[in-house]
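Participant: Just dropping this structure here.
There are 2 protein chains.
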Amino acid sequence: LDTSTLAMTIAYIGTDYHGFARQDGIPTIQGALEEALATVFRREVLTVAAGRTDRGVHAHGQVVSFELSGGEIQGRSMQQLRSSLNALTPDTIQIRSIEQKPTGFSARFSAVEREYRYRLVAAEIPALFLASYAWSIPAQGFDVQALRRAAYLLEGEHDFRSFCVASSAEDKNTVRTIRSIRVFGMDHLGESSLVVQIIGNAFLHSMVRIIVGSLVEVGFHRREAEWLTEALAAKDRKAAGPTAPAHGLTLWRVRY
Amino acid sequence: LDTSTLAMTIAYIGTDYHGFARQDGIPTIQGALEEALATVFRREVLTVAAGRTDRGVHAHGQVVSFELSGGEIQGRSMQQLRSSLNALTPDTIQIRSIEQKPTGFSARFSAVEREYRYRLVAAEIPALFLASYAWSIPAQGFDVQALRRAAYLLEGEHDFRSFCVASSAEDKNTVRTIRSIRVFGMDHLGESSLVVQIIGNAFLHSMVRIIVGSLVEVGFHRREAEWLTEALAAKDRKAAGPTAPAHGLTLWRVRY
């Protein structure tokens, strides 16, 4: 079996894509990557991602794996391959590194930890430079400390059935472990944002966005912090808060 | 004389504009602002800016002044006016505040200090999220410390004739005072940038961009630091370095 597994770490601006997953005739991250790979290797090369990000979601450190034959790798450095792929993909997708992995490695199944970051801008006027990268919410009535104190209630191993797209949860194991949720302030391009950093082993469909949407409910004192615990117990999507918009979310980093 | 002077602090993404200054039939910041003012006040309202930024240059804290009659101000709060103008201008321009000023105030002539920030990304791969907000230069051979050490040579009062667009310098006083040039690292949207912060009383046409272009020459060791002093003494545009690209520059703040 003369095959090698490669993993590339990529970043992308999700704004103009209909998500990661390949869809015929529609601009997607996977479609753009596989088209570039097909051009280089003159055959179809299938890819697997650590996280299948939704339409509009960005990535800072997405990981994508694929298989090549020994012949396809021979005489080609990883740096050359990276340059070729970067030249063939749109400017809004960047291959930052490529490395060879042991046989059996999968960007998806070998991942032990995923980090997502969600940016909020709480201000009287919506974000300008961060417009595509943060969810702008009113400053009026928004209590950062209430959000911060509530966040830890979701840490640990829980059944997150209430915090995922209902149709995706049917007949599935919806137990996941959140190792930490931290909330910190950061200045980007002169605009103050609040970063909700969520690290866990794996995530359900829309789970981060529903967590953030629910935390924001608590931040506005529309709900008490304890409501999050009740929402977990309910195991029903309707028990949690709304889904925060996609453009505030970035798949930040994946650990193996 | 029943007139009031107003000053608004505005931010904009310069990417899609042909600079600040009004030009018939071409998208400019001043054109968009004056069109919004004309809609609100049903007459032509002329504006004056602290810094007439070039095509592609951004602003975080540009200041723009204009005159209204007492009747035009009456019964209208500054906050209402700001909301009206924000509703009438494109999303890439934001009026952040408006306040009344003493008679005789001019956003341009009353300014005592202007701060510009220029962002550089020195990396193997060009910036992604900062693509429109930073000049990407190769990391290879770039010496931040050399740039940093050279910067102070331009501080103080100098004739900056070599550091401005030659045609704009004819028969003019080209002496300006740079109060400080500082270089610091900042993370924006996960990408490391180097910020060149330049504070001075006033600036000549393209002065900040020519200073940055020259400092980058020193950063790559294509020139010694002392060459900057020689370039100042030459009083000839050809003696200084190239003009850094517009999209890395932001008019940051104006003091009165």
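Sequences listed follow chains A and B, in order. Here our numbering runs 829 ahead of the position in the first sequence, where the first position is 1. Here our numbering runs 829 ahead of the position in the second sequence, where the first position is 1. Here a beta-carbon is modelled for each residue, glycine too, at the ideal position from N, C-alpha and C.
#1: Which same chain residues, not among the five before or five after Phe-971(B), have their C-beta less than 7 Å away from its C-beta?
#2: In this structure, does DSSP put Gly-890(A) in helix, strand or coil?
#3: Do Arg-943(B) and Val-1083(B) have their CB atoms nearer than 8 Å?
#4: Quick check on Gln-859(A): buried or exposed, where buried means 16 or more other Cβ atoms within 10 Å of its Cβ?
#5: Please determine whether the Cβ atom of Ala-867(A) lies at a distance below 7 Å from any heavy atom of the ligand GTP.
#6: Helix, strand or coil for Leu-910(A)? Go by DSSP, reduced to three states.
#7: Classify Tyr-981(B) as helix, strand or coil using the three-state DSSP reduction.
#8: Looking at the structure shown, is Ile-1062(A) part of a helix, part of a strand, or coil, going by DSSP?
#9: Give the secondary structure of Val-1041(A) by DSSP, where H, G and I count as helix, E and B as strand, and everything else as coil.
#10: Which residue marks the beginning of the alpha helix (DSSP H) containing Thr-844(A), and which one marks its end?
#11: For Ala-1062(B) and Ser-1035(B), I'd like the C-alpha separation in whole angstroms.
#12: Which of the three DSSP states, helix, strand or coil, is assigned to Ser-833(A)?
#13: Looking at chain A, is there any beta carbon in it that lies within less than 8 Å of the beta carbon of His-1017(B)?
#14: My parser needs the beta strand (DSSP E) runs of 3 or more residues fully inside the segment 971-1038 of chain B; what are they?
#15: Please list the partners that Ile-858(A) has in chain C, where partner means a Cβ-to-Cβ separation under 8 Å.
#16: Tell me, to the nearest whole angstrom, how far the beta carbon of Leu-897(A) is from that of Ser-833(A); I am working on the premise that it is less than 8 Å.
#17: Look up Phe-870(A) in the DSSP assignment and say whether it is helix, strand or coil.
#18: Based on the DSSP output, what are the partners of Phe-895(B) in its beta bridges?
#19: Counting only the same chain and skipping the five closest in sequence on each side, list residues whose C-beta sits under 7 Å from that of Ile-839(A).
#20: Taking the alpha-carbon positions, what's the Gln-903(B) to Gln-909(B) distance?
#21: For Leu-866(A), which residues in the same chain have their Cβ closer than 6 Å to its Cβ, ignoring the five residues on either side in sequence?
#22: Which residue marks the beginning of the beta strand (DSSP E) containing Tyr-947(B), and which one marks its end?
#23: Flag His-1076(B) as yes if its beta-carbon sits less than 8 Å from any beta-carbon of chain A, otherwise no.
#24: Can you name the start and end residues of the beta strand (DSSP E) that Ile-927(A) belongs to?
#25: Return the first residue and the last residue of the beta strand (DSSP E) that Thr-1079(B) is part of.
#26: Starting from Ser-965(B), follow the beta strand (DSSP E) in both directions and report where the run begins and ends.
#27: Taking C-alpha atoms, which residue in Ala-979(A), Leu-835(A) and Leu-959(A) lies nearest to Arg-911(A)?
#28: Any beta carbon of chain A sitting closer than 8 Å to that of Leu-862(B)?
#29: Pick out whichever of Ser-965(A), Gly-1042(A), Ile-842(A) and Leu-959(A) has its Cα sitting closest to the Cα of Ala-1068(A).
#30: Check whether chain A comes within 8 Å of Asp-920(B), counting only Cβ atoms and requiring the distance to be less than that.
#31: For Phe-849(A), would you say it is in contact with chain B, using Cβ-to-Cβ distances shorter than 8 Å as the test?
#32: Are the C-beta atoms of Gln-1026(B) and some chain A residue less than 8 Å apart?
#33: Give me the Cα-Cα distance between Pro-931(B) and Ser-906(B), rounded to the nearest whole angstrom.
#34: Please tell me whether Leu-1018(A) and His-1076(B) are closer than 8 Å, where the distance is taken between their beta carbons.
#35: Below 8 Å, can you find three or more Cβ-Cβ pairs linking the segment 1019-1033 of chain B to the segment 988-1005 of chain B?
#36: How close, in whole Å, do the beta carbons of Gly-848(B) and Arg-884(B) come, if the pair is a contact with beta carbons under 8 Å?
Facilitator: So, from the listed chains and residues:
#1: Ala-951, Gly-1048 and Phe-1049
#2: strand
#3: yes
#4: Gln-859(A) is buried by the Cβ-count criterion.
#5: This structure lacks the ligand GTP; in fact it carries no ligand of any kind.
#6: helix
#7: Helix at Tyr-981(B).
#8: It is worth fixing the name first, because residue 1062(A) is Ala in this sequence and not Ile. If DSSP states are grouped into helix, strand and coil, Ala-1062(A) belongs with the helices.
#9: helix
#10: Unbroken run through Thr-844(A): none, as it is neither H nor E.
#11: 18 Å
#12: strand
#13: yes
#14: 985-988, 1004-1017 and 1020-1029
#15: Included in the structure are the protein chains A and B, with no chain C among them.
#16: 5 Å
#17: When secondary structure is reduced to three states using DSSP, Phe-870(A) falls in the helix class.
#18: Leu-835(B)
#19: Ala-888, Gln-891, Val-893, Ile-922, Gln-923, Ile-924 and Arg-925
#20: 12 Å
#21: Taking C-beta separations shorter than 6 Å and ignoring five residues to either side along the sequence, the partners of Leu-866(A) in its chain run Val-874, following chain order.
#22: 942-951
#23: no
#24: 922-930
#25: Element bounds for Thr-1079(B): 1078-1084.
#26: Counting along the chain, Ser-965(B) sits inside the beta strand (DSSP E) bounded by residues 964-966.
#27: Leu-835(A)
#28: no
#29: Closest option to Ala-1068(A), Cα to Cα, is Gly-1042(A).
#30: yes
#31: No, its Cβ sits nowhere closer than 8 Å to a Cβ of chain B.
#32: no
#33: So the alpha carbons of these two residues sit roughly 17 Å apart.
#34: No.
#35: Contact between the segment 1019-1033 of chain B and the segment 988-1005 of chain B is present: 3 or more CB-CB pairs across the two stretches fall below 8 Å.
#36: Rounded to the nearest angstrom, the Cβ distance from Gly-848(B) to Arg-884(B) is 4 Å, consistent with a contact under 8 Å.
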